[in-house]
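Asks: Protein chains in written order, with the working numbering: chain A, 169 to 346; chain B, 26 to 418. Cβ atoms here follow ideal geometry from the backbone N, Cα and C, with glycine treated the same way. Note that the coordinates shown come from a computational prediction; the quantities given were computed from them, not determined experimentally. Just dropping this structure here.
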C-alpha cells in the first residue's frame, strides 16, 4: 500500500468546471429579484424619519404653546404686586415683633399659647392666599388677607404693651379697700 | 337715516347687555316638621338669616342680588348655584355651594387702577382716657347700625382708585364695582333642634330664637337679636360677634375683633384673644378668659353674682349704680382706679392673694357680688373712693 507521493500528482487528472452559457443572464435575474427588498428597507427608514420629525414638531409646538399660555399667569396686576409688597412688609414686622415678644417674657405657657394662635392664623392665611390665586379680582379675599396679617401684628403688639405695663415698678400694696 | 337707525339699535343693544342690577330668587322650598325634627345647615361662604316660623313648617328662600353684571353674566352665575335641601328620617339637611368663593363678592371694573392705601399703619389702639361708660341702648344702636350697612360699606376704606388724570378716590365713591350679595332666609319653628356648621359666613338670627342651637362658625360674622335656649352651644372663631340679648347657654369666643353684647344673662363665656363690650350684665354670668379685653359698662339691679377668671386680660369696668360687693383675688396685676395706678406685684410662688375688696355699704338695694380671679391682668375701674393698705406699713 505504500505509494510514492510524487507519482500521485503525475497521474491526477485535473477536472476543469465550465460555466454555463446563461450564467450572466441568471446573475442579472437574481440581481433584479433582490432590488425590491432593498427598496422596502429604505421605505421603513424614511417613515421612521418622518414620524420622528412630526413628533419633534408636536413636542416643540406643545412646549411653546404652554409657555405662551403661562405668560398671562406670570404677569401680575399692579394691585397684586402691591399686595405682595404689603404681605412682605407685614410678615417682616410680624417676625420682628415675635422676636421682641419672646425676648420680653419668661412665661413659657404664654409663649406657647401665642405660638399656637399665630400658627392657626398662619394656616388660615395660607388657605386664603390659595383662594386669592384662583380668584385674584375678589376684593373680599384681599381684605381677608390683610385682616389676617393685621390681626397677627396687633396681637403681638398688644401683649408686649401688656407685659410692659405689668413690669413697670411702682409701689406695691397688699390689699386695696374701696 | 339708515345709519342713525343702526346707531340707535346698537345703543339699545349695548344698554340691554351692560349694567344689570336685580334680585333673583334662586331657591324656595317648604318642609313640614314636628317636635322631633332636627336640622343641620352646612355653609361655606354663605349668608343666612334664621328667624322664627309662624307655622309648623321650615321655609327656605334663597335670593341673590347682582349689581353691575350683564344679563348674560347673571344667567351664567345662576346656573352655577347649587342648593341641596333634603328631609330624611325627620332630619333636614341643607347644603349651599358658593358661586364666587364669597357670599359678598366685589370686583372693580373701572378704568382707573385699584390700589391699597395706608395699609402699613397699625390699627388704632383705644386709649384709656377716651373710655367712657356706654349705655346699653348705645350698644344696641351700634349693633343695629352695623347690621344695616350697605354691601359696599363693609369694604375697607383703604381701597382707593387712581384715575387716569391722577386723581385718587375711594372705591366706595364709585359705581364701578360689581357686587353679588346672596341671602338665604330660613324660617324655623322654635321646637326644631338646629345645628349650623359654617365657614366664612354671615349668620343672622332675627327675632327671639328659642331653638336649641349648636353653632360653629370660623371667619365671618354672627349677629343675633335674642338667643335664649339654656342648651345653646356656640363656638365662634376669628369672626364678628354682635348679640343684642344673650340669655343662657355656653359660648366659646376666640379672636373676636370687636364683639358687642347688649345684655348678658345666666351665660358662660370662654374667650381668648378677643375684644368684647357688654352693655349690661344681668343675672349669674361667668367669664373665663385668656388675653382678651373686656368692657363691662352697666350692671342690672339684681345681677346677683358675676365671676371672672382670667389671665393676661385687660378689664374696663364701671361700678354698679346700686349697692354691691367686689373681691379681686389673683397675682401680678395692675389696677387703674380713677387716675391712680396701683401695681399688685407677683408673689414668689405665684400664689394668689386678696388684691382688692369692696364690702356692701348696706344702703338701698343690694345688686350682687362681683368676683374677679385675675392673674397678670390690667384692671381699669371707675367712679369710687379708695383706701390703700401699703405692704410696707
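Hey, is residue 384 of chain B close to the ligand FAD, as in C-beta under 7 Å from one of its heavy atoms?
Replies: Because no ligand of any kind appears in the structure shown, any question about the ligand FAD cannot be addressed here.
Asks: Can you name the residues that DSSP bridges to residue 324 of chain B?
Replies: What you label residue 324 of chain B is simply residue 299 of the second chain in a count that begins at 1. Bridge partners of residue 324 of chain B: B:306.
Asks: From B:308, B:316, B:317, pick the residue whose C-alpha is nearest to that of residue 332 of chain B; which is it?
Replies: Your numbering for residue 332 of chain B matches position 307 in the second chain. Ranking B:308, B:316, B:317 by Cα distance to residue 332 of chain B puts B:308 first.
Asks: Where does residue 160 of chain B land, buried or exposed, given buried means 16+ other C-beta within 10 angstroms?
Replies: Sequence index remark: in the second chain, residue 160 of chain B carries index 135 (1-based). By the neighbour-count rule (16 or more Cβ atoms within 10 Å), residue 160 of chain B is not buried but exposed.
Asks: From residue 387 of chain B to residue 347 of chain B, what distance separates their C-alpha atoms?
Replies: The residue you call residue 387 of chain B lines up with position 362 of the second chain. The residue you call residue 347 of chain B lines up with position 322 of the second chain. Answer to the nearest angstrom: the Cα atoms are 10 Å apart.
Asks: Between residue 95 of chain B and residue 305 of chain A, what straight-line distance do the alpha-carbon atoms span, to the nearest angstrom?
Replies: Mapped onto the second chain, residue 95 of chain B falls at position 70. Mapped onto the first chain, residue 305 of chain A falls at position 137. Cα to Cα, the separation comes out at about 17 Å.
Asks: Going by the beta-carbon positions, is the gap between residue 252 of chain B and residue 234 of chain B smaller than 8 Å?
Replies: Here residue 252 of chain B corresponds to residue number 227 of the second chain, with the count starting at 1. Here residue 234 of chain B corresponds to residue number 209 of the second chain, with the count starting at 1. Contact flag set, yes.
Asks: Can you pull out the residues from the segment 267-298 of chain B whose beta carbon lies closer than 9 Å to at least one beta carbon of chain A?
Replies: Within the segment 267-298 of chain B, the residues whose Cβ lies closer than 9 Å to some Cβ of chain A are 279, 280, 282, 297, 298, listed in chain order.
Asks: Closer than 8 Å, CB to CB, is residue 126 of chain B near chain A or not?
Replies: Here residue 126 of chain B is taken as the residue at index 101 of the second chain, counted from 1. Low confidence applies here, because residue 126 of chain B scores a pLDDT of 48, under 50, leaving its location unreliable; read the following figure in that light. For residue 126 of chain B, the answer is yes, since a Cβ of chain A falls inside 8 Å of its Cβ.
Asks: Considering only their Cβ atoms, is the gap separating residue 262 of chain A from residue 321 of chain A smaller than 8 Å?
Replies: Taking the first chain and counting its residues from 1, the one referred to as residue 321 of chain A is at position 153. Taking the first chain and counting its residues from 1, the one referred to as residue 262 of chain A is at position 94. In contact: residue 321 of chain A and residue 262 of chain A (Cβ atoms closer than 8 Å).
Asks: Mind listing the chain A neighbours of residue 403 of chain B? Cutoff is C-beta to C-beta under 7 Å, in chain order.
Replies: To locate residue 403 of chain B, count along the second chain from 1; it is residue 378. Those within 7 Å of residue 403 of chain B in chain A are 330, 333.
Asks: Examine the Cβ distances between the segment 311-321 of chain A and the segment 279-296 of chain A and report whether three or more of them are shorter than 8 Å.
Replies: Touching, yes, given that three or more Cβ pairs across the two stretches are closer than 8 Å.
Asks: What residue range does the beta strand (DSSP E) around residue 270 of chain B cover?
Replies: Numbered from its first residue, the second chain carries residue 270 of chain B at position 245. That run of the beta strand (DSSP E) goes 258-272.
Asks: Does any C-beta atom of chain A lie closer than 8 Å to the C-beta of residue 337 of chain B?
Replies: Taking the second chain and counting its residues from 1, the one referred to as residue 337 of chain B is at position 312. Yes, residue 337 of chain B lies at the interface with chain A (some Cβ there is under 8 Å from its Cβ).
Asks: State the DSSP-derived secondary structure class of residue 240 of chain A, mapped to helix, strand or coil.
Replies: On the first chain, position 72 is the one that residue 240 of chain A refers to. Annotation note: pLDDT 43 at residue 240 of chain A (below 50); position unreliable, coordinate value reported separately. In this structure, residue 240 of chain A counts as helix in the three-state DSSP scheme.
Asks: Taking residue 256 of chain B and residue 232 of chain B to be in contact with their CB atoms under 8 Å, please state how far apart those CB atoms are, rounded to whole angstroms.
Replies: As a working note, residue 256 of chain B is residue 231 in the second chain. As a working note, residue 232 of chain B is residue 207 in the second chain. Their Cβ separation, rounded to whole angstroms, is 19 Å, which puts residue 256 of chain B and residue 232 of chain B out of contact at 8 Å.
Asks: Nearest CA to the CA of residue 300 of chain B: which residue from B:291, B:337, B:326?
Replies: One-based indexing of the second chain puts residue 300 of chain B at position 275. Selected option, being the one with the closest Cα: B:337.
Asks: Under the rule that 16 or more other beta-carbon atoms within 10 Å means buried, what is residue 246 of chain B, buried or exposed?
Replies: Within the second chain, numbered from 1, the residue matching residue 246 of chain B stands at position 221. Under this definition residue 246 of chain B is a buried residue.
Asks: According to DSSP, simplified to helix, strand and coil, what is residue 279 of chain B?
Replies: As a first step, residue 279 of chain B must be located in the second chain, where it is residue number 254. Residue 279 of chain B: strand per DSSP, three-state reduction.
Asks: Give me, in chain order, the residues of the same chain whose beta-carbon lies closer than 6 Å to that of residue 241 of chain A; leave out the 5 immediate sequence neighbours on both sides.
Replies: Position 73 of the first chain, counting from 1, holds the residue named residue 241 of chain A. Confidence in residue 241 of chain A is poor, its pLDDT being 45 and thus under 50, which makes the residue's placement too unreliable to answer from.
Asks: Got a sec? Which residues, its chain only, sit under 6 Å from residue 240 of chain B by beta carbon, not counting five neighbours each side?
Replies: Position 215 of the second chain, counted from the first residue, corresponds to residue 240 of chain B. So the list reads 221, 259, once near-sequence residues are dropped.
Asks: Name the chain B residues that come within less than 7 Å of residue 281 of chain A, Cβ to Cβ?
Replies: If you number the first chain from 1, residue 281 of chain A lands on position 113. The contacting residues are 315.
Asks: Should residue 187 of chain A be labelled buried (16 or more other beta-carbon atoms within 10 Å of its own) or exposed?
Replies: By one-based count along the first chain, residue 187 of chain A stands at place 19. Result: exposed.
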